[in-house]
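Engineer:
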Amino acid sequence: MNWGSPAEFFAMGGYAFYVWGSFGVCMIAVVIETILLFRRRTNLLLQLKSESSGNP
Amino acid sequence: MFSLFNWFRYASPQTFYPLAGRMIPWFAGAAAVFAAAGLYVGFFVAPTDAQQSEVYRVIFIHVPVSWMSMFIYLVMAAWGAIGLAFNTRLSFMMARSLAPTGALFAFLSLWTGALWGRPTWGTWWVWDARLTSELILLFLYLGVMALQAAIDDQRRGDRAGALLAIIGAINVPIIYFSVVWWNTLHQGASVSLTRAPSMARAMLAGMLLMSLACWMYSIAVSLARARCIMLERERHTAWVGELAGSAS
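Pasting the structure below:
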């Protein structure tokens, strides 16, 4: 185990900004891409459904 | 012959769509498991680096996203080449579905690299061969996406994008070998085998686990995007009509 306390873990030996800035932005990017894809799919299915019910 | 038959069967969007839908949860789940394991190894098993202290832990995200940005580009170019050679609809859809995720990984590679370069090199950015060729990779992704989107005729857009992707693939070996061919600020091989074996093993394990997580994530996301593209492009066909009618 590398860390004596949670505070030490979050401090990353004084490099918190660089380490968490890297991992954090990657995590945000993954979450945003996933949300955008879900939205694209939901909107698309709604659209297709209205198209198919509009002119059967 | 049997396997050939199967490949052609799944080369049609209508049969590939449900198959992709069944595969996505498995790949997404595997991505989460590998990421959890990789982060655990990276932060709790891998010891502090003697020279770089804790900032070296950026390696566990920087190297996997950089590998992924190059690999996705090659896969995208390969799908484009298959599409040009055999004129298969699905290959162009796959090529289009990979581009945004590849661009995202190229951006993340530059971003995490900048955050690692600042404390270790004293600069966010330098016009060095490795960094510059990776920036060109990001522009190539954006160029392919812009070209595909700019041409109204979908099929011509597919072909133009595929051609640009294939030509741009020359950049990937340039990125990979840039640290060998030129005298760059960027370090060479990322894993040093001359360090104490236990440490190299833990570092390597963390990097490989995170790489596997990136692979699984990329497959899940690109399949999900490909499914959207299939529905958009085949919206006037009978199978999409049936699917839309039954969808909740």
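Protein sequence lines correspond, in order, to chains A and B.
All the letters of the first sequence, read from the start, carry residue numbers 889 to 944 under the working numbering.
All the letters of the second sequence, read from the start, carry residue numbers 39 to 286 under the working numbering.
Yeah, the Cβ is synthetic: ideal placement off N, Cα and C, and Gly gets one too.
Out of B/82, B/66, B/176 and B/158, which has the shortest C-alpha to C-alpha gap to residue 89 of chain B?
Structural biologist: B/158
Engineer: Measure the C-alpha to C-alpha separation of residue 932 of chain A and residue 275 of chain B and round it to an integer number of angstroms.
Structural biologist: Here the alpha carbons of residue 275 of chain B and residue 932 of chain A stand approximately 15 Å from one another.
Engineer: Name the one or two DSSP bridge partners that residue 910 of chain A has.
Structural biologist: For residue 910 of chain A, which the question treats as bridged, DSSP gives no partner whatsoever.
Engineer: One question on the structure: do residue 929 of chain A and residue 266 of chain B come within less than 8 Å of each other, judged by their Cβ atoms?
Structural biologist: yes
Engineer: Counting only the same chain and skipping the five closest in sequence on each side, list residues whose C-beta sits under 7 Å from that of residue 277 of chain B.
Structural biologist: 52
Engineer: Is the shortest distance between the beta-carbon of residue 85 of chain B and the beta-carbons of chain A less than 8 Å?
Structural biologist: yes
Engineer: So, is the C-beta of residue 235 of chain B closer than 8 Å to a C-beta in chain A?
Structural biologist: Unreliable positioning characterises residue 235 of chain B in this predicted model, as indicated by a pLDDT of 48, which lies under 50. A coordinate reading is not provided.
Engineer: Just curious, the alpha helix (DSSP H) that residue 192 of chain B is in, first and last residue?
Structural biologist: 192–206
Engineer: Please list the partners that residue 919 of chain A has in chain B, where partner means a Cβ-to-Cβ separation under 8 Å.
Structural biologist: Ordered by position in chain B, no residue passes the 8 Å Cβ test against residue 919 of chain A, which lies about 11 Å from the chain.
Engineer: So residue 147 of chain B is in the alpha helix (DSSP H); what residue range does that whole segment cover?
Structural biologist: 127–159
Engineer: List the endpoints of the continuous alpha helix (DSSP H) containing residue 83 of chain B.
Structural biologist: Taken as a continuous stretch (DSSP letters only), residue 83 of chain B belongs to no alpha helix (DSSP H), as it is neither H nor E.
Engineer: Counting only beta-carbon separations shorter than 8 Å, does residue 230 of chain B have a partner in chain A?
Structural biologist: Low confidence applies here, because residue 230 of chain B scores a pLDDT of 48, under 50, leaving its location unreliable and the question unanswered by this model.
Engineer: Under 7 Å Cβ-Cβ, which residues of chain B neighbour residue 911 of chain A?
Structural biologist: 99
Engineer: When burial is assigned at 16 or more other CB atoms within 10 Å of the CB, is residue 225 of chain B buried or exposed?
Structural biologist: exposed
Engineer: Apply the 10 Å Cβ neighbour rule to residue 190 of chain B and answer buried if 16 or more other Cβ atoms are within range, or exposed otherwise.
Structural biologist: exposed
Engineer: Using a Cβ-Cβ cut-off of less than 7 Å, give me the residues of the stretch 252–286 of chain B that come near chain A, in sequence order.
Structural biologist: 255, 259, 262, 263, 266, 269, 270, 273, 278, 279, 282, 283 and 285
Engineer: For the alpha helix (DSSP H) holding residue 163 of chain B, just list the boundary residues, first then last.
Structural biologist: Unbroken run through residue 163 of chain B: none, as it is neither H nor E.
Engineer: With a threshold of 8 Å between beta-carbons, can residue 217 of chain B be considered close to chain A, or not?
Structural biologist: no
Engineer: Pop quiz: residue 254 of chain B and residue 69 of chain B are said to be a contact at Cβ under 8 Å. What is the actual Cβ separation, rounded to whole angstroms?
Structural biologist: At roughly 4 Å, the Cβ-Cβ gap stays under 8 Å, so residue 254 of chain B and residue 69 of chain B are in contact.
Engineer: Which whole-angstrom value describes the C-beta separation of residue 210 of chain B and residue 154 of chain B, a residue pair presumed to lie in contact below a C-beta threshold of 8 Å?
Structural biologist: In fact, because the Cβ distance is near 21 Å, the residues do not count as touching under 8 Å.
Engineer: Excluding the 5 residues flanking residue 216 of chain B on each side, which residues of the same chain have their C-beta closer than 7 Å to its C-beta?
Structural biologist: 167, 168, 171 and 222
Engineer: Is residue 915 of chain A a contact residue of the ligand GDP, with contact defined as CB to any heavy atom under 7 Å?
Structural biologist: Ligands in the displayed structure: none, and consequently the ligand GDP is not present.
Engineer: For the pair the stretch 114–127 of chain B and the stretch 188–203 of chain B, tell me if three or more CB-CB distances fall below 8 Å.
Structural biologist: yes
Engineer: Should the stretch 120–132 of chain B be called in touch with the stretch 101–112 of chain B, which here means at least 3 C-beta pairs below 8 Å?
Structural biologist: Judged by Cβ distances under 8 Å, the stretch 120–132 of chain B makes no contact with the stretch 101–112 of chain B, as fewer than three pairs qualify.
Engineer: Apart from the five residues on each side of it in sequence, which residues of its chain come closer than 8 Å, Cβ to Cβ, to residue 178 of chain B?
Structural biologist: 111, 202, 203, 206 and 209, listed in sequence order.
Engineer: What separation, rounded to the nearest whole angstrom, lies between the Cα atoms of residue 235 of chain B and residue 259 of chain B?
Structural biologist: Caution is warranted here: a pLDDT of 48 is assigned to residue 235 of chain B, below 50, making its placement in the model unreliable, and the coordinate value is therefore given only provisionally. If I take the Cα positions, the gap works out to 36 Å.
Engineer: Taking only beta carbons into account, state which residues of the stretch 895–910 of chain A come closer than 7 Å to chain B, listed in chain order.
Structural biologist: 900, 901, 903, 906, 907, 909 and 910
Engineer: Per DSSP, residue 91 of chain B is paired with what?
Structural biologist: Per DSSP, B/87.
Engineer: In chain order, what residues of the same chain have a beta carbon less than 7 Å from the beta carbon of residue 156 of chain B, not counting five sequence neighbours either side?
Structural biologist: 162
Engineer: For residue 188 of chain B, name the three-state secondary structure that DSSP assigns.
Structural biologist: helix
Engineer: Please report the straight-line C-alpha distance between residue 141 of chain B and residue 905 of chain A, rounded to a whole angstrom.
Structural biologist: 24 Å
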